[in-house]
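The block underneath contains the structure these notes are about, expressed in structure tokens.
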Amino acid sequence: MDNIIRNKSYAFAIRIVNAYKFLTNDQHEYILSKQLLRSGTAVGALVAEAEHAQSDADFLNKMNVALKEANETVYWLSLLKDTGYLQENSYQSIAADSKELVAILVSIVKSTRTRLNK
């Protein structure tokens, strides 16, 4: 079965790792990029954990935390762009992916909450 959020969050984690390599090797930026690496790869890890959640409440909690990490990633990307470490075109591409993940996670969290509150 195809799992959109799993596939997209994994592909996004790969992009984040590559962005981290660029930021540290080419831009010599080590602090903000480490935050980006942590939050950007955490999304997929939490989604993977949620696949084997112990309960619906555990699933919802993991997806909520994944959403928070995705939102944090949007913040770090914006900060890296606004401080000149990421060029506009690079930022636009990866920011679009991060915002898409946020939208998907919002939808999952809302639909799970609705289902659990019935």
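Sequential numbering from -2 applies to the sequence shown in the working numbering. The C-beta atom is built at its ideal place from N, Cα and C for all residues, glycine as well.
For residue i, count neighbouring C-beta atoms within 10 Å of its own C-beta (all shown protein chains included) and say buried if the count is 16 or more, exposed if not.
{"i": "Ala8", "result": "exposed"}
{"i": "Ala16", "result": "buried"}
{"i": "Gly37", "result": "buried"}
{"i": "Asp94", "result": "buried"}
{"i": "Glu26", "result": "buried"}
{"i": "Leu113", "result": "exposed"}
{"i": "Tyr72", "result": "exposed"}
Going by the CB atoms, is the gap between residue j and residue i shorter than 9 Å?
{"i": "Glu66", "j": "Lys5", "result": "no"}
{"i": "Thr70", "j": "Val40", "result": "yes"}
{"i": "Ile91", "j": "Arg3", "result": "no"}
{"i": "Leu64", "j": "Leu29", "result": "no"}
{"i": "Ala47", "j": "Met60", "result": "yes"}
{"i": "Leu74", "j": "Leu34", "result": "no"}
{"i": "Val106", "j": "Asn68", "result": "no"}
At what residues does the alpha helix (DSSP H) containing residue i begin and finish?
{"i": "Gln32", "result": "Ile28 to Ala47"}
{"i": "Lys96", "result": "Glu85 to Leu113"}
{"i": "Asp53", "result": "Asp53 to Asp79"}
{"i": "Asn15", "result": "Ile1 to Asn22"}
Relative to the C-alpha of residue i, which candidate in the options has its C-alpha closest?
{"i": "Thr111", "options": "Leu34, Glu26, Gln24 and Ala54", "result": "Ala54"}
{"i": "Asn0", "options": "Ile101, Leu113, Thr109 and Asn114", "result": "Ile101"}
{"i": "Ser108", "options": "Ser52, Leu57 and Leu34", "result": "Leu57"}
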